[in-house]
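>
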Amino acid sequence: MLHLAALPPLRTQFYTPDPREIAPKLLGKVLLRKKGKSLRAGRIVEVEAYLGADDAAAHAAAGQTERNNVLFGPPGHAYVYLSYGLHYCLNISCMPPGQAGSILFRALEPLTGFAAMAKARGLAISNELRSLRMLTSGPARLCQALEITRERDNGRDMTSPDSGLWIVDDNHKVQKVAISKRIGITKSAELPLRYYLEGNPFVSATRKV
DNA sequence: TTATAGATTGCCT
DNA sequence: GGCAATCTATAAT
Numbered sequence: 108m109l110h111l112a113a114l115p116p117l118r119t120q121f122y123t124p125d126p127r128e129i130a131p132k133l134l135g136k137v138l139l140r141k142k143g144k145s146l147r148a149g150r151i152v153e154v155e156a157y158l159g160a161d162d163a164a165a166h167a168a169a170g171q172t173e174r175n176n177v178l179f180g181p182p183g184h185a186y187v188y189l190s191y192g193l194h195y196c197l198n199i200s201c202m203p204p205g206q207a208g209s210i211l212f213r214a215l216e217p218l219t220g221f222a223a224m225a226k227a228r229g230l231a232i233s234n235e236l237r238s239l240r241m242l243t244s245g246p247a248r249l250c251q252a253l254e255i256t257r258e259r260d261n262g263r264d265m266t267s268p269d270s271g272l273w274i275v276d277d278n279h280k281v282q283k284v285a286i287s288k289r290i291g292i293t294k295s296a297e298l299p300l301r302y303y304l305e306g307n308p309f310v311s312a313t314r315k316v
């Protein structure tokens, strides 16, 4: 918890393999966001893997476009898109340049910067679990809490603290990784590509799994 | 506690 | 023109 920002960041090499390999390793790591002097951080408790041409639900499935450029670029970069016209969602690109693949961040367990997160979400927050879940439990919520937008952050290099958005390993031991179908998609919905920490209360609500 | 509708932008057919 | 990797408020059980 202390000195999270001083830990070495996960580097490009970590993000170079297939997203299915990286996703379970990403659980338990810590996503950091620095804006000015304020630091916000959350433990990654739920992610989904998105592949390339074989995955109809992936934005990269139809080929490279202006919008999904980042997915085909170097690994370790932020892919931010607008969902349903009003929410942003954050991915990190995987695989070597020229090959698409990414991991969607679906839920965090808040560690520091509660007040800033609450303010960014437009919420008044208490210390109750139910209240804290509202901060970062859901892909669009965590973007709002960390003030991540497409305009500001799409294409950002997440392998260095200099970018203000990066991931560290604080040596936290995860209990158990569970796998299920992905949430909220209609194409390739049967693929088991959602990874989460079993029993963690900050995992987003599971609808039909 | 679960179910449903509505908001709202930009991408692709 | 249709649709989408979501969230929230409101309604009903």
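Each position in the first sequence, counted from 1, maps to that position plus 107 in our numbering. Quick reminder that beta carbons are idealized off the backbone N, C-alpha and C, glycines included.
#1: Would you call the segment 221-239 in contact with the segment 275-290, where contact means no fewer than 3 C-beta pairs closer than 8 Å?
#2: DSSP on residue 250, reduced to helix/strand/coil?
#3: Do you know whose CA, among 192, 207, 191, lies nearest residue 198's CA?
#4: Is it a yes or a no for the segment 160-171 touching the segment 229-242, going by three-plus beta-carbon pairs under 8 Å?
#5: Looking only at DSSP bridge pairs, what is residue 170 linked to?
#6: Judging by CA-CA distance, which residue of 112, 248, 124 is the nearest neighbour of residue 193?
#7: At what residues does the beta strand (DSSP E) containing residue 212 begin and finish?
#8: Where in the segment 113-170 do unbroken runs of the beta strand (DSSP E), each at least 3 residues long, occur, reported from the N-terminal end onward?
#9: Can you tell me which of 163, 246, 158, 180 puts its alpha carbon nearest to the alpha carbon of residue 265?
#10: Could you please give me the residues that DSSP links to residue 191 through a beta bridge?
#11: Rounded to the nearest angstrom, what separates residue 117 and residue 216 at their Cα positions?
#12: DSSP three-state call for residue 301: helix, strand or coil?
#13: Pick helix, strand or coil for residue 276, following the three-state DSSP scheme.
#14: Closest by CA to residue 124, which one among 202, 262, 256, 294?
#15: Measure from the alpha carbon of residue 163 to the alpha carbon of each residue in 293, 304, 301, 310, then state which is nearest.
So, from the listed chains and residues:
#1: At 8 Å Cβ cutoff, the stretches do not touch.
#2: Here residue 250 is taken as the residue at index 143 of the first sequence, counted from 1. Residue 250 sits in a helix when the DSSP states are folded into three classes.
#3: On the first sequence, position 91 is the one that residue 198 refers to. Scanning 192, 207, 191 for the CA closest to the CA of residue 198 turns up 207.
#4: Contact check between the segment 160-171 and the segment 229-242: fewer than three CB pairs, one atom from each, fall below 8 Å, which does not count as touching.
#5: By one-based count along the first sequence, residue 170 stands at place 63. Note: residue 170 sits in no beta bridge, so no partner.
#6: For the purposes of this step, residue 193 is taken as residue 86 along the first sequence, with counting starting at 1. Among 112, 248, 124, the Cα nearest to that of residue 193 is on 248.
#7: Taking the first residue of the first sequence as position 1, residue 212 is located at position 105. Counting along the chain, the unbroken beta strand (DSSP E) around residue 212 starts and ends at 209-219.
#8: Fully enclosed beta strand (DSSP E) runs of 3 or longer: 137-142, 145-157.
#9: Start at 1 with the first residue of the first sequence, and residue 265 comes out as number 158. When each option's Cα is compared against that of residue 265, the closest is 180.
#10: Within the first sequence, residue 191 is the residue found at index 84, counting from 1. When DSSP reads this structure, residue 191 sits in no beta bridge, so it has no partner.
#11: Along the first sequence, read from residue 1 onward, the residue named residue 117 stands at position 10. Along the first sequence, read from residue 1 onward, the residue named residue 216 stands at position 109. Rounded to whole angstroms, residue 117 to residue 216 spans 19 Å at the Cα level.
#12: Locating residue 301 in the first sequence gives position 194, where the first residue counts as 1. DSSP places residue 301 in strand when its eight states are reduced to three.
#13: Here residue 276 refers to the residue found at position 169 of the first sequence. Residue 276 falls in the coil class under three-state DSSP.
#14: In the first sequence, the residue the question calls residue 124 occupies position 17. It is 202.
#15: Position 56 of the first sequence, counting from 1, holds the residue named residue 163. When each option's Cα is compared against that of residue 163, the closest is 293.
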